[in-house]
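Data first, discussion second: the structure below is written as structure tokens.
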Amino acid sequence: MTMKLSALTKEGVSRLNDFLHVQKSLPSSNSPSGILEDANCVEPIGDAPMIDEGRIFANRFEFAQYMDSLLGSRTQLLMNADVWAWLTVVYFDQVCPVVRGVRQVRDKARYIPALGNFRKLYRHLLLGPLHAYRAHGDAPERARVMLAGPLHSPGELAEQLMAAQERMTNRAVIDVASTLYLDPRSGRPKPGAGGKLAGSPRRFVDVLNQLDLTYDLYSLSESQLMAMLPMEFDRFRAKARGGVDTPVV
Amino acid sequence: MPRRFNFTKRKRIRRKDIRIRICQSTSGELSFDADLDLSSYGFESLEVPPVVYVEARRSATSTWKRFPFGTTEKISPPPDRSLAEFGVPNGVLFSVRVTSISSEQPGVLLAEADGVRPLMPGETELPAQPLIEHIPAKDLGSELWRLDFSGEMPLLKINDSVPMGPDQFLTDATFRALFAPAVMRQVLTRIIVIEQTGVDEDGDSDWQQRWLRFGSKLAGSNAPKYSTSDDLVDVEDWVDAAVEAFAERAGLLRTFESDA
Numbered sequence: 009m010t011m012k013l014s015a016l017t018k019e020g021v022s023r024l025n026d027f028l029h030v031q032k033s034l035p036s037s038n039s040p041s042g043i044l045e046d047a048n049c050v051e052p053i054g055d056a057p058m059i060d061e062g063r064i065f066a067n068r069f070e071f072a073q074y075m076d077s078l079l080g081s082r083t084q085l086l087m088n089a090d091v092w093a094w095l096t097v098v099y100f101d102q103v104c105p106v107v108r109g110v111r112q113v114r115d116k117a118r119y120i121p122a123l124g125n126f127r128k129l130y131r132h133l134l135l136g137p138l139h140a141y142r143a144h145g146d147a148p149e150r151a152r153v154m155l156a157g158p159l160h161s162p163g164e165l166a167e168q169l170m171a172a173q174e175r176m177t178n179r180a181v182i183d184v185a186s187t188l189y190l191d192p193r194s195g196r197p198k199p200g201a202g203g204k205l206a207g208s209p210r211r212f213v214d215v216l217n218q219l220d221l222t223y224d225l226y227s228l229s230e231s232q233l234m235a236m237l238p239m240e241f242d243r244f245r246a247k248a249r250g251g252v253d254t255p256v257v
Numbered sequence: 103m104p105r106r107f108n109f110t111k112r113k114r115i116r117r118k119d120i121r122i123r124i125c126q127s128t129s130g131e132l133s134f135d136a137d138l139d140l141s142s143y144g145f146e147s148l149e150v151p152p153v154v155y156v157e158a159r160r161s162a163t164s165t166w167k168r169f170p171f172g173t174t175e176k177i178s179p180p181p182d183r184s185l186a187e188f189g190v191p192n193g194v195l196f197s198v199r200v201t202s203i204s205s206e207q208p209g210v211l212l213a214e215a216d217g218v219r220p221l222m223p224g225e226t227e228l229p230a231q232p233l234i235e236h237i238p239a240k241d242l243g244s245e246l247w248r249l250d251f252s253g254e255m256p257l258l259k260i261n262d263s264v265p266m267g268p269d270q271f272l273t274d275a276t277f278r279a280l281f282a283p284a285v286m287r288q289v290l291t292r293i294i295v296i297e298q299t300g301v302d303e304d305g306d307s308d309w310q311q312r313w314l315r316f317g318s319k320l321a322g323s324n325a326p327k328y329s330t331s332d333d334l335v336d337v338e339d340w341v342d343a344a345v346e347a348f349a350e351r352a353g354l355l356r357t358f359e360s361d362a
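Chains as they are written, first to last, in the numbering used here: chain L, 9 to 257; chain Y, 103 to 362.
Laid out in structure tokens, this is it:
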């Protein structure tokens with residue numbers, strides 16, 4: 009079923025906020041979908057596309073691709089937090105699914121965008137993927153490494169890469185991360201790519217921060233950056249080159 | 103204070119060689135102009151002229167944008183220097199990076215300047231380096247203000263939704279009397295207890311040293327060192343003395359009484 013893209017009103021955002029607050033302290037399987045049926049909580053927006061409210065997205069990439077094609081050049085909608093709060097309610101079953109009888113609500117910025125604060129903005133479970141996708145508009149497939157997870161769970165790899173704008177938008181950084189951590193056959197992160205040990209995405213970011221003191225990372229190519237990584241990344245590099253798998257802790 | 107190794111002999115670009123101004127159109131859109139003089143760093147002797155980038159950044163919001171400025175041989179600002187993503191000019195700092203594109207040293211930083219303060223719209227000269235920056239913020243929920251220490255200096259975030267507006271909240275003497283001592287106490291405690299930064303007689307550029315000197319003048323003595331929780335009483339006494347002296351000199355109680 010399709011419906012016209014809309015925005016939550018101030019009242020609607022307040023109700024969603026209250027819902028999240030209660031749900032966080034008293035988890036249940038309740039849904040905020042009633043907000044969409046209250047005329048005081050929803051307002052239409054001009055020139056809005058139709059969206060498929062029943063669509064199921066296999067991963068964040070698929071959602072970003074869908075929204076990118078729907079929104080096209082309506083870039084002003086990216087800056088409208090109330091639209092993304094409305095979309096959160098529409099797709100709430102996917103951004104906060106019922107697991108073992110309850111919905112585990114996490115920090116508010118995942119559901120209501122914190123515009124003006126990139127560190128929190130990327131955490132929004134719907135707007136974050138679209139930002140990452142559009143940052144690589146020349147080759148959106150490149151963004152898949154940040155968007156491989158399901159809507160409700162970005163994963164450690166995405167969290168690390170998307171925490172800083174200059175990292176998220178850097179082609180060489182994202183290409184190297186894809187080569188190291190993304191399984192090209194499944195399109196999913198490789199085993200061990202969510203850890204915190206040697207060679208992990210967290211260590212990758214630490215090394216990038218060190219290299220940034222000496223190199224202009226934006227000027228490097230993928231192969232130049234890859235060659236600068238220390239040996240601890242060999243276990244992922246070996247796999248990337250089709251070498252023998254080494255045990256992953 | 104932070105120290106960096108410099109194995110690649112990266113040069114520091116002097117502030118006098120950089121002049122950056124943030125401009126605001128009548129419709130409120132932000133952009134910037136930059137005048138760079140890189141003629142005295144010896145880049146002309148390099149076979150391949152290095153490339154120049156200017157980056158704008160606001161650490162508290164992690165907003166960042168990069169602009170190619172040509173080469174050291176021919177500096178050419180891009181036509182689009184919009185800073186629309188930053189919303190307001192407050193808290194925006196710039197970096198200038200000179201990068202090698204030679205095959206021997208690809209991507210090596212040859213020179214840089216970090217944390218360059220721009221002239222703000224309406225300013226003709228850079229004011230004295232402030233102790234704190236401020237910015238209207240949308241992410242404070244029901245809090246009126248919050249300090250952010252993630253950037254190059256403390257940032258006072260004022261809730262964008264305060265009824266009188268962030269600017270009036272900051273400048274109104276009555277409101278200042280209420281929040282300024284708390285801000286000062288939090289900054290000094292952060293420096294001494296959390297960051298455990300001590301007085302460095304040579305450190306004149308980082309914000310921690312400037313705050314410690316400010317506090318020392320007010321308290322009449324240098325800040326005590328914090329090593330263990332046993333030192334906490336001394337630290338609290340020193341911070342109290344500095345904040346009390348500040349409140350006295352600024353006449354906060356008198357201001358509050360006359361406005362009440």
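For glycine and all other residues, C-beta sits at the position ideal for the given N, C-alpha and C.
Can you list, in chain order, the stretches of the alpha helix (DSSP H) that have 4 or more residues and sit fully within the segment 223 to 281 of chain Y?
-> Here the runs fully enclosed are 268 to 273.
Should L:Leu13 go down as buried or exposed, given a rule of 16 or more other Cβ atoms within 10 Å for buried?
-> Taking a 10 Å sphere around the C-beta of L:Leu13, we find 16 or more other C-beta atoms and assign the residue as buried.
What are the start and end residues of each continuous alpha helix (DSSP H) run of 4 or more residues lying completely inside the segment 91 to 172 of chain L, in chain order?
-> Segments of the alpha helix (DSSP H) lying fully in the segment 91 to 172 of chain L: 100 to 103, 126 to 129, 135 to 143 and 163 to 170.
Quick one: list the residues of chain Y neighbouring L:Tyr226, beta-carbon separation under 8 Å, in chain order.
-> Near L:Tyr226 (Cβ distances below 8 Å), the residues of chain Y are Tyr155 and Arg168.
Proximal residues of chain Y, C-beta to C-beta of L:Thr1 below 8 Å = No information on residue 1 of chain L is available, as it lies outside the stretch 9 to 257 that chain L covers here.
Can you tell me where the beta strand (DSSP E) with Y:Gly144 in it begins and where it stops?
-> Here Y:Gly144 belongs to no beta strand (DSSP E), and DSSP marks it neither H nor E.
Kindly indicate if chain Y contains any beta-carbon less than 8 Å away from that of L:Met93.
-> Here residue 93 of chain L turns out to be Ala, not Met, going by the sequence shown. It does not: the Cβ of L:Ala93 has no partner Cβ on chain Y nearer than 8 Å.
Compile a chain-ordered list of the residues in the segment 125 to 158 of chain L whose CB is closer than 9 Å to at least one CB of chain Y.
-> Those residues of the segment 125 to 158 of chain L that come within reach of chain Y (Cβ to Cβ, closer than 9 Å) are Asn125, Phe126, Arg127, Lys128, Leu129 and Tyr130.
Do the CB positions of Y:Gly295 and Y:Val337 come within less than 8 Å of each other?
-> The question names Gly, yet the displayed sequence has Val at residue 295 of chain Y. Y:Val337 is positioned such that its CB atom lies closer than 8 Å to that of Y:Val295.
Would you mind stating whether L:Pro35 and L:Gln102 have Cβ atoms separated by less than 8 Å?
-> In this structure, the beta-carbon distance from L:Pro35 to L:Gln102 does not fall below 8 Å.
Which whole-angstrom value is the C-beta distance of L:Ser227 and Y:Gly209, which I expect to be below 8 Å?
-> Between L:Ser227 and Y:Gly209, the beta carbon gap of about 4 Å places them in contact (Cβ cut-off 8 Å).
Provide the residue span of the alpha helix (DSSP H) that contains L:Pro52, from first to last.
-> Where L:Pro52 is concerned, there is no enclosing alpha helix (DSSP H), although the beta strand (DSSP E) it sits in stretches over Val50 to Pro52.
Own chain, CB closer than 7 Å to Y:Arg219, minus 5 neighbours either side, in chain order = Cβ within range, chain order: Leu195 and Leu228.
Cβ of Y:Met103 less than 8 Å from any chain L Cβ?
-> Note that Y:Met103 scores a pLDDT of 39, beneath 50, so its modelled location is shaky; the value from the coordinates is reported in the next line. The beta-carbon of Y:Met103 is placed no less than 8 Å from the nearest beta-carbon of chain L.
Identify, in the order they occur along the chain, each residue of the same chain with its Cβ nearer than 7 Å to the Cβ of L:Leu221, setting aside the five sequence neighbours on each side.
-> The beta carbon of L:Leu221 is closer than 7 Å to none in its chain, skipping five residues each way along the sequence.
Output yes or no for whether 8 Å exceeds the beta carbon distance between Y:Met286 and Y:Val345.
-> Yes, they are a contact pair.
Could you tell me how far apart the beta carbons of L:Ala170 and L:Tyr130 are, in whole angstroms, since I believe they sit closer than 8 Å?
-> The sequence shown places Met at residue 170 of chain L, rather than the Ala named in the question. Contact holds; Cβ gap of about 4 Å.
For the candidate residues Y:Leu280, Y:Val264 and Y:His236, whose alpha-carbon lies nearest to that of Y:Leu246?
-> Ranking Y:Leu280, Y:Val264 and Y:His236 by Cα distance to Y:Leu246 puts Y:Val264 first.
Is it right to say L:Val110 is buried, meaning 16 or more other beta carbons lie within 10 angstroms of its own, or is it exposed?
-> Residue burial is scored here from C-beta neighbours: L:Val110 has fewer than 16 other C-beta atoms within 10 angstroms and is therefore classed as exposed.
Which residues of chain L have a Cβ atom closer than 8 Å to the Cβ of Y:Arg199, listed in chain order?
-> Chain L residues near Y:Arg199: Asp224.
Residue span of the beta strand (DSSP E) that contains Y:Ser197, given as start and end = Unbroken beta strand (DSSP E) run through Y:Ser197: Leu195 to Thr201.
Nearest-angstrom Cα distance between Y:Ala284 and Y:Thr299?
-> Roughly 20 Å separates the two Cα atoms.
Within 8 Å, strictly: CB atoms of L:Asp224 and Y:Leu138 | Contact flag unset, no.
Would you call Y:Thr330 buried or exposed, if buried means 16 or more other Cβ atoms sit within 10 Å of its Cβ?
-> Y:Thr330 should be labelled exposed.
Return no unless some Cβ of chain Y is closer than 8 Å to the Cβ of L:Ala122.
-> Chain Y has a Cβ within less than 8 Å of the Cβ of L:Ala122.
Which residue spans inside the segment 34 to 73 of chain L form an unbroken beta strand (DSSP E) run of at least 3?
-> With a minimum length of 3 residues, the continuous beta strand (DSSP E) runs that stay inside the segment 34 to 73 of chain L are 50 to 52 and 58 to 60.
Check whether the Cβ of Y:Met286 lies closer than 7 Å to any heavy atom of the ligand ADP, and answer yes or no.
-> In the structure shown, the ligand ADP is absent, as is every other ligand, since no ligand is present at all.
Cα-Cα separation between Y:Thr201 and Y:Arg112, rounded to whole angstroms = Spanning the two alpha carbons is a distance of roughly 10 Å.
When we look at the beta-carbon of L:Ser208 and count the other beta-carbons within 10 Å, is it buried (16 or more) or exposed?
-> Buried, because 16 or more other Cβ atoms sit within 10 Å of the Cβ of L:Ser208.
Beta carbon of Y:Phe171, beta carbon of Y:Val154: below 8 Å?
-> Yes, they are a contact pair.
Under the assumption that L:Ile53 contacts L:Leu24 (Cβ atoms under 8 Å), give the Cβ distance between them as a whole number of angstroms.
-> The Cβ separation is near 17 Å, so there is no contact.
Indicate whether the contact test is met: 3 or more Cβ pairs, each with one atom in the segment 120 to 133 of chain Y and one in the segment 169 to 185 of chain Y, closer than 8 Å.
-> Three or more beta-carbon pairs drawn from the segment 120 to 133 of chain Y and the segment 169 to 185 of chain Y are found closer than 8 Å, and the two stretches are therefore classed as touching.
In terms of residue numbering, what span does the beta strand (DSSP E) encompassing Y:Gln126 cover?
-> Note, Y:Gln126: beta strand (DSSP E), Ile120 to Gln126.
Can you name the start and end residues of the alpha helix (DSSP H) that Y:Lys319 belongs to?
-> That run of the alpha helix (DSSP H) goes Trp309 to Ala321.
Locate the alpha helix (DSSP H) running through Y:Phe171, then write down its first and last residues.
-> For Y:Phe171, no alpha helix (DSSP H) run applies; the uninterrupted beta strand (DSSP E) run containing it begins and ends at Thr165 to Thr173, by DSSP.
Look up L:Val256 in the DSSP assignment and say whether it is helix, strand or coil.
-> Only weak support exists for where L:Val256 lies, its pLDDT of 36 falling under 50; the value from the coordinates is given anyway. Residue state, collapsed to three classes: coil.
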